[in-house]
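Q: First, the structure itself, so that you have it in front of you.
Number of protein chains: 2
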Amino acid sequence: MIAAIERSGKGAAGPLSPDMLRRMHGYWRAANYLSVGQIYLRANPLLDRPLEIGDVKTRLLGHWGTTPGLNLIYVHLNRLIVEHDLDMIAVIGPGHGGPGIVANTYLEGSYTETYPAIERSRGGMDRLFRQFSWPGGIPSHVAPETPGSIHEGGELGYSLAHAYGAAFDNPDLIVACVIGDGEAETGALAASWHSNKFLNPPRDGAVLPILHLNGFKIANPTVLARIGREELTELMHGYGHEPFFVTGDDPDIVHQSLAATLDTVLERIRAIQATARNGLPDNGRPRWPMIVLETPKGWTGPKVVDGKPVQGTWRAHQVPIADFTDPEHLRQLEQWLLSYRADELFDPSGKFREEYASLAPTGHRRMGSNPHANGGALLRPLALPDFRDHAVTVPEAGGVKAAATAVLGDFLRETMALNLDAANFRLFGPDETASNRLQAVYDVTGKAWMAETAAVDEHLDRNGRVMEVLSEHLCQGWLEGYLLTGRHGLFSCYEAFVHIVDSMLNQHAKWLKVSDGIPWRRPIASLNYLLTSHVWRQDHNGLSHQDPGFIDHVANKTAGVARIYLPPDANCLLSVADHCLRSRNYVNVIVAGKQPEWQWLGIDDAVRHCTAGAGVWNFASDAGEPDVVMACAGDVPTLETMAAVMLLRENIPNIRIRVVNVVDLMVLQPQSEHPHGLDDRAFEALFTVDRPVIFAFHGYPSLVHKLTYKRPNHANIHVRGFKEEGTTTTPFDMVVLNDLDRYRLALDAVERVPRLRHLIPNARAQYWTAIERHKLYIAEHGDDLPEINDWRWIR
Amino acid sequence: MIAAIERSGKGAAGPLSPDMLRRMHGYWRAANYLSVGQIYLRANPLLDRPLEIGDVKTRLLGHWGTTPGLNLIYVHLNRLIVEHDLDMIAVIGPGHGGPGIVANTYLEGSYTETYPAIERSRGGMDRLFRQFSWPGGIPSHVAPETPGSIHEGGELGYSLAHAYGAAFDNPDLIVACVIGDGEAETGALAASWHSNKFLNPPRDGAVLPILHLNGFKIANPTVLARIGREELTELMHGYGHEPFFVTGDDPDIVHQSLAATLDTVLERIRAIQATARNGLPDNGRPRWPMIVLETPKGWTGPKVVDGKPVQGTWRAHQVPIADFTDPEHLRQLEQWLLSYRADELFDPSGKFREEYASLAPTGHRRMGSNPHANGGALLRPLALPDFRDHAVTVPEAGGVKAAATAVLGDFLRETMALNLDAANFRLFGPDETASNRLQAVYDVTGKAWMAETAAVDEHLDRNGRVMEVLSEHLCQGWLEGYLLTGRHGLFSCYEAFVHIVDSMLNQHAKWLKVSDGIPWRRPIASLNYLLTSHVWRQDHNGLSHQDPGFIDHVANKTAGVARIYLPPDANCLLSVADHCLRSRNYVNVIVAGKQPEWQWLGIDDAVRHCTAGAGVWNFASDAGEPDVVMACAGDVPTLETMAAVMLLRENIPNIRIRVVNVVDLMVLQPQSEHPHGLDDRAFEALFTVDRPVIFAFHGYPSLVHKLTYKRPNHANIHVRGFKEEGTTTTPFDMVVLNDLDRYRLALDAVERVPRLRHLIPNARAQYWTAIERHKLYIAEHGDDLPEINDWRWIR
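Note that the protein sequences, when read in sequence, are chains R and Y. Numbering (numbering that gives the first Met the number 0) for the first sequence: 0 to 794. Numbering (numbering that gives the first Met the number 0) for the second sequence: 0 to 794.
Set out below in structure tokens:
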């Protein structure tokens, strides 16, 4: 069928009547005109008079190359939406083509409803053009400011994962996803095609990938445009898709071909959904359709500039004509603009003529007004069980052991159960949900899986709400798409490997920051990370798995967005998790171990402690001014600190110690830097103004210094943490290798309390004796001294 | 042919004679035995007496599941090497299977030559077993400690990119690359298959991907194992590969099938190379062979433990039998070990019997002794032109403009030219070499490209030495593989998007750190980044492209590895680049802009300045103790600082200013923390002990605070830098938005010099006037005030 369409010549048969073809082509011309206008013009929007150099912006910014293709797709999706009353959004991978999406939302009316100053008139068009890439105006990419978008697309690679995230649990939604052929070379995108093994046709919506093969990146051809149709077809088959090719540079032919193809793929999607939803015979995983749209880069733009080919080459990528000191360039731009015959499309007042405007969908069917793309508007709060019901009973501090994430797992199981009907909560993780001890959720839901199954598999379920795939990129991308369309989720990940999505986190944090300043963008659920299997208990995997730096990365994000929690025990983890799942518009990072560890706080104390963010642990502290503050953040550092306190008390009966535990890392920053920051008086009440502070920290020590550098007692804060020493060894040896062990912390305290100076020689001797004993024991037994693990904190 | 092999039954025809089959099977049993021994045993290595609980390690660590497959592949590659005298290395994607590679290098003798204490005897075997995952022993993964490895494999996804990097410019080398089917789900790996479009058969070696489809990850089936053979075949075709399937769980059949398949694929590889090298007719890009090896996870291990299936399931992933308080488990482990009939394979002294041992290659043909896997041993220094020949003439500071990276481009062109014959230098970048103004290299070499070409393409060349693909993962992975096999390179990248490879950088930095402590690992060329198109000049792309955080990430790496340079102008960039290209075993990050900017130092001054790492710029400073130190690091901050100094001098004639520029960021750290750190006296000589320091910084301000927190004058250091404010706006507005502009810096100085306190009200008024004027101008003109760009620094 495709071949037939391609063979057909001008005016050949196709689903579009001649009048419809004419009007759609007009609509496309209008979108292209408005796109060029945005890139170039600061005045004279309707070309009422000859173009002058003063009409052209001084700084020419924008990406023309991808834009006409995006405009074409938008116009054709509009037809499909109108004809079939579709609930559809578009994810625009080539987000650099900002002017195209702005133009289309303007033409359909969404833009003006969102930004009333940009009227659908001559004056509005003038402002529309001028604001683009203009200081104080709008960015050049599709961005949070763009109505209908859930995807920035400045950093390439995440469109398809976002599209799947949006489609999950939205059975009536179709997510059209335009993928640039440049973007398709990235790792994240290359992996994303396999997302179709995790989308369940009865429960989830459909994703329609449209690979826009315009052939070039900034300076090179794209790989997928140069492997031939046969190989590309096999690649798509291998990814589980049926490709439909639309190719050409003759608009009439491409219009008919694209329209016919869209009709076909919609039919396929509906057939797949009907089969799956109506109990028809199950043929296994469906082969979902996708479209390859092969049109020239910078289509309808200048063919040749300064004697060099532009249209259909990489030279069309950004601004095809520049340097308007050359009058020939100005003339060429004018010809280009005139070629769209805007006077046929807009009336003299600048209003889009009704014969074209009427092609657009109306109301929420317009992609620029679809509420799924402003997910906060659809957000329903998560139903949360009382986390106190899952608390560990702690008869006395250090009196009982529990695996924190397993306790959380019980809470998550109940959360999952409570929200099964609402279908708005999922867990995401790279094959590690059970390894991270959250497997209790499998009591109420399984792992999503549409591929083949075998008898030995466990918990695989087409309706599963746990998303496991060995790709942190997919976990993150799916979750982002899910959140941005108004749902909730949690990503549990090995701490070291969450760095794989550093750059995705950047982009999401930027999105949240910008959205916060856009009144019509409603708040969405926070992006919640549970980092477990953390640096201090990767002793079996070794150095490659030992890296606590993700919290450093997040701490660089804007204070309005970044939240970091280091709960010291299971009850604190419960309290923190409950808080995070209720929060909006944040990136919450929770770091918590999965190993059975000693517990410190009963649930009421845990709630009070986590609410304050940091506090003196009175049960382990002496009243009044201490000799030394033993501070800690993180579960393993807390354990070592408590053990150090015990050692100090045993050996120095009259020592006065204050134990301060920090759960919410951002309390360390001044209030001027972060809303969670303690005011200076509260900070001093914890850390004193002049006493030595021995701070045992989960991550790199410098992070504490960075957060506290403005604090009065900063010079006295002595931090121990990870210093990049690791290997496959025992858990206790890990803290020894990094000088975070109890013996070292105790010695640190003795060395820094002036009145204990006389004890230093003896303390050092004791320290070295303990370390030597440890080293000898592990070399002989391959495991830690029993006392390390049997230890109990005693007051 | 494959089908025929699969149909054949036991003892069916195949390339292996019955005796060869028996011996190879014995060799495999030996490797498996040694693998299980490493995971479990701390004594009784040859099972001379019944296994006792005391013989078993207390902490059982390791990954059994992937290991028998790795052992099988190793034994079969050995046969191929011996029969064809191949120069071959293996990259082991499932690096968790450490015991397998250790076992094989031990069996072939490489291990003992590298580590003489691990003799090929009973005692050696005892130590071999005990050291594995033992404190002070060896890590559980394939690691720098493992002979023959260039790949850790703890973090999954990078094996295939490393393999291609190793193969480039090594025409006689074959790189076998084992890819786990779990790893295959990652983004980096999914993109890596397309590397075959960048490998040139006459010039480069061959990569033989072996996808080990053992079906399961930690807890789930793998995607590629559950899409059926047809889809997997199409996927590989789509990636440009011809797959050959080897499937089964009967060792005899699999041995014959794998041997036959290896013969076939080697024949294919040689045919491809012969065609390309001997001027035979060019059929375009070859379809390279690859192997899909489908064998049970944990093959030859226990089938059922505690009533649950283990072999062939995810339960075989790590340690299949644990908890030896159950005596049945001990018996089962003993049976498992005995099943390999080690007494047939090793003589009573523990020596591997000659009839098996003789199957291994010898000397450098052994994969554990191949010098390519210890690249430093093959490293030849790069021939470098005199960078002074490319210097910008700077008649006076601020007297001339130059685009720093374009100047570097000239130097790189000469470097490329000088090393064309040695064929050991390449540039890597995601489609941005020209965008980053390094296009002068195209005078001497093109961009590697084996896919289709079109008339409009420029600089594509099968023999090109510039590697461009829109995947930072591939650029990084290829470069790592290239460096680890003893060559040189530079990765130029947009600053914001280099975060995509944060996690790869972590793993490479860890590799370098560990290698530094391994005497037989020879130093390799440093991993050099040029981060350009940086945060301050992404004004046209906006916030998504604005992120200077990569240097924070690198600053967390160990001081022995991390180097960060912020050259303020073109001549400093030349000096720094020359230094980096000569260095070994570092990660060098250079941040430099590509826009034409004012130049400050002549080449001799630049060399002196860069050698010192930081210095007073006397030409801009007053002699003696200053009122204020105006410090800067980075090209844009330096420009703004110089402009601020001019403003201050114009307005406050008697002000005493010292300008300090920092090129090598690590000089800020104390010497105790970093070898580049200035000693405290030198630091004080620059920054004073008590004067206010206004520090204009390229990145996040907190990085300077973090590096200087131990410095005496730290409390007086006031840092301006990126505070996450950005959008599409003018270049100068970017610095204004982040309070890094000249007006703000000048005001900062006035506000902090006590004797100028009386001037503060007036200075603030002037500041606001300037900012308002700027804002009004850009809102009206869409571009910066002419004076911003026309500015010249005057003393």
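Cβ atoms here follow ideal geometry from the backbone N, Cα and C, with glycine treated the same way.
Measuring only between beta-carbons, confirm whether R:MET0 sits less than 8 Å from chain Y.
A: Sequence index remark: in the first sequence, residue 0 of chain R carries index 1 (1-based). Low confidence applies here, because R:MET0 scores a pLDDT of 33, under 50, leaving its location unreliable; read the following figure in that light. With 8 Å as the cut-off, R:MET0 does not count as an interface residue toward chain Y.
Q: Hey, R:PHE351 and R:ARG28: beta-carbon distance below 8 Å or not?
A: Position 352 of the first sequence, counting from 1, holds the residue named residue 351 of chain R. Position 29 of the first sequence, counting from 1, holds the residue named residue 28 of chain R. It is not a contact, given that the beta carbons lie outside the stated cut-off.
Q: For R:LEU542, which three-state DSSP category applies?
A: Taking the first residue of the first sequence as position 1, residue 542 of chain R is located at position 543. Here R:LEU542 sits in helix by DSSP.
Q: Could you tell me whether the region 560–578 of chain R touches the region 379–392 of chain R, using the rule of 3 or more Cβ pairs below 8 Å?
A: Verdict: yes, contact present.
Q: Which runs of the alpha helix (DSSP H) spanning at least 4 residues fall entirely within the region 176–211 of chain R, listed in chain order?
A: List check, alpha helix (DSSP H) in window: 186–191.
Q: When the Cβ atoms of the region 631–648 of chain Y are set against those of the region 522–531 of chain Y, are three or more pairs found closer than 8 Å?
A: The region 631–648 of chain Y vs the region 522–531 of chain Y: no contact.
Q: Going by DSSP, what residues sit across from R:CYS492 in a beta bridge?
A: Your numbering for residue 492 of chain R matches position 493 in the first sequence. Partner(s): R:LEU530.
Q: Starting from the C-beta of Y:PRO143, find all residues in its chain whose C-beta is less than 7 Å away, skip the five residues before and the five after it, and write them out in chain order.
A: Numbered from its first residue, the second sequence carries residue 143 of chain Y at position 144. Once the five neighbours on either side are set aside, the close Cβ partners of Y:PRO143 are TRP510, VAL513, SER514, ILE517, ARG520.
Q: Short check: CB of R:ILE91 to CB of R:GLY152, under 8 Å?
A: Residue mapping note: residue 91 of chain R aligns to position 92 of the first sequence, counting from 1. Residue mapping note: residue 152 of chain R aligns to position 153 of the first sequence, counting from 1. Their beta carbons are under 8 Å apart, which means R:ILE91 touches R:GLY152 by this criterion.
Q: Taking only beta-carbon positions, decide if R:ALA190 is within less than 8 Å of chain Y.
A: Within the first sequence, residue 190 of chain R is the residue found at index 191, counting from 1. Answer yes: the Cβ-Cβ gap between R:ALA190 and chain Y drops below 8 Å somewhere.
Q: Let me make sure I understand the geometry here. Which of Y:LEU261, Y:LEU580, Y:ASP747, Y:HIS328 has the alpha-carbon closest to that of Y:HIS75?
A: Within the second sequence, the letter at position 76 stands for residue 75 of chain Y. Of the listed residues, the one whose Cα sits closest to Y:HIS75 is Y:LEU261.
Q: Using a Cβ-Cβ cut-off of less than 9 Å, give me the residues of the region 444–458 of chain R that come near chain Y, in sequence order.
A: Within the region 444–458 of chain R, the qualifying residues are LYS446, TRP448, ALA450, GLU451, THR452, ALA453, ALA454, VAL455, ASP456, GLU457, HIS458.
Q: What is the rounded straight-line gap between the Cα of Y:VAL553 and the Cα of R:ASN660?
A: As a working note, residue 553 of chain Y is residue 554 in the second sequence. As a working note, residue 660 of chain R is residue 661 in the first sequence. For Y:VAL553 and R:ASN660, the distance between alpha carbons rounds to 29 Å.
Q: DSSP three-state label for R:TYR585, please.
A: As a first step, residue 585 of chain R must be located in the first sequence, where it is residue number 586. Coil at R:TYR585, not helix or strand.
Q: Work out the CA separation of Y:VAL718 and Y:PHE696 for me, nearest whole Å.
A: Within the second sequence, numbered from 1, the residue matching residue 696 of chain Y stands at position 697. Within the second sequence, numbered from 1, the residue matching residue 718 of chain Y stands at position 719. The alpha-carbon atoms of Y:PHE696 and Y:VAL718 are separated by roughly 7 Å.
Q: When you compare only the Cα positions, how much space is there between R:PRO220 and R:GLU494?
A: Position 221 of the first sequence, counting from 1, holds the residue named residue 220 of chain R. Position 495 of the first sequence, counting from 1, holds the residue named residue 494 of chain R. Approximately 37 Å, taken between the alpha carbons.
Q: Take the Cβ of Y:SER470 as the centre, count every other Cβ of all protein chains shown within 10 Å, and call the residue buried at 16 or more, exposed below.
A: As a first step, residue 470 of chain Y is located in the second sequence; it is residue number 471 there, counting from the start. Classification for Y:SER470: buried.
Q: To the nearest angstrom, report how far apart Y:VAL174 and Y:HIS161 are at their CA atoms.
A: Reading the second sequence from its first residue, position 175 is the one you call residue 174 of chain Y. Reading the second sequence from its first residue, position 162 is the one you call residue 161 of chain Y. Distance between the alpha carbons of Y:VAL174 and Y:HIS161 is about 10 Å.
Q: Relative to the C-alpha of Y:PHE323, which residue among Y:ALA605, Y:ARG225, Y:GLU51, Y:LYS709 is closest?
A: Indexing the second sequence from 1 puts residue 323 of chain Y at position 324. Minimum Cα distance to Y:PHE323 is reached at Y:GLU51.
Q: Which residue's Cα is closest to the Cα of Y:TRP133: R:ILE759, R:ASP789, R:THR728, R:ARG763?
A: By one-based count along the second sequence, residue 133 of chain Y stands at place 134. Among R:ILE759, R:ASP789, R:THR728, R:ARG763, the Cα nearest to that of Y:TRP133 is on R:THR728.
Q: Once the 5 residues before and after R:GLN670 are set aside, which same chain residues still bring their CB inside 6 Å of it?
A: Position 671 of the first sequence, counting from 1, holds the residue named residue 670 of chain R. Here the set comprises GLY676, ASP678.
Q: Less than 8 Å between the CB atoms is what I'm expecting for Y:ILE651 and Y:LEU755, so what's the real figure, rounded?
A: The residue you call residue 651 of chain Y lines up with position 652 of the second sequence. The residue you call residue 755 of chain Y lines up with position 756 of the second sequence. About 7 Å separates the two Cβ atoms, so the contact holds.
Q: Nearest to Y:TYR355 by alpha carbon, out of Y:ARG364, Y:MET87, Y:GLY25?
A: In the second sequence, the residue the question calls residue 355 of chain Y occupies position 356. If we check each option's Cα against that of Y:TYR355, Y:GLY25 comes out closest.
Q: Strictly below 8 Å CB to CB, what residues from chain R border Y:PHE496?
A: Here residue 496 of chain Y refers to the residue found at position 497 when the second sequence is read from its first residue. Per Cβ cutoff of 8 Å: GLU154, SER502.
Q: Report the partner residues of R:HIS240 according to the DSSP bridge assignment.
A: Reading the first sequence from its first residue, position 241 is the one you call residue 240 of chain R. According to DSSP, which records beta bridges pairwise, R:HIS240 is partnered with R:TRP287.
Q: Between the Cα of Y:ALA12 and those of Y:ASP789, Y:GLN255, Y:ASP84, spot the shortest distance and give me the residue it belongs to.
A: For the purposes of this step, residue 12 of chain Y is taken as residue 13 along the second sequence, with counting starting at 1. Among Y:ASP789, Y:GLN255, Y:ASP84, the Cα nearest to that of Y:ALA12 belongs to Y:GLN255.
Q: For R:GLY623, is the classification buried or exposed, using 16 other Cβ atoms within 10 angstroms of its Cβ as the cut-off for buried?
A: Along the first sequence, read from residue 1 onward, the residue named residue 623 of chain R stands at position 624. Its Cβ having fewer than 16 others within 10 Å, R:GLY623 is exposed.
Q: Just to make sure I have the definition right: I need the residues of chain R whose C-beta is within less than 8 Å of the C-beta of Y:GLY239. Which are they?
A: Mapped onto the second sequence, residue 239 of chain Y falls at position 240. Result: ILE226, GLU230.
Q: Which runs of the beta strand (DSSP E) at least 3 residues long sit entirely within the region 649–724 of chain Y? Give them in chain order.
A: The region 649–724 of chain Y contains these whole beta strand (DSSP E) runs: 656–661, 692–696, 716–719.
Q: Can you pull out the residues from the region 50–83 of chain R whose beta carbon lies closer than 7 Å to at least one beta carbon of chain Y?
A: Those residues of the region 50–83 of chain R that come within reach of chain Y (Cβ to Cβ, closer than 7 Å) are LYS56, THR57, ARG58, LEU60.
Q: Just to confirm my understanding: we take R:ALA402, look at its own chain, exclude 5 residues before and 5 after, and list those with CB closer than 7 Å. What are they?
A: The count along the first sequence starts at 1 and reaches residue 402 of chain R at position 403. Cβ within range, chain order: ARG436, LYS593, GLN594, PRO595.
Q: Whose CA, out of R:LEU407, R:VAL222, R:PHE215, lies closest to the CA of R:HIS316?
A: Start at 1 with the first residue of the first sequence, and residue 316 of chain R comes out as number 317. When only C-alpha atoms are compared, the closest one is R:PHE215.
Q: Taking the continuous beta strand (DSSP E) assigned at R:MET87, which residues delimit it?
A: Position 88 of the first sequence holds residue 87 of chain R. It spans 86–91 - the beta strand (DSSP E) in which R:MET87 sits, taken as one unbroken run.
Q: Determine, using beta-carbon pairs with one atom in the region 282–293 of chain R and one in the region 240–254 of chain R, whether at least three such pairs fall under 8 Å.
A: The answer is yes - the region 240–254 of chain R touches the region 282–293 of chain R, with three or more Cβ pairs under 8 Å.
Q: Using only the alpha-carbon positions, how far apart do R:MET366 and R:ALA447 sit?
A: For the purposes of this step, residue 366 of chain R is taken as the residue at position 367 of the first sequence. For the purposes of this step, residue 447 of chain R is taken as the residue at position 448 of the first sequence. Each residue's alpha carbon lies about 29 Å from the other.
Q: Looking at the secondary structure, which residues open and close the alpha helix (DSSP H) in which R:GLY480 lies?
A: Indexing the first sequence from 1 puts residue 480 of chain R at position 481. Run containing R:GLY480: 471–483, per the alpha helix (DSSP H) assignment.
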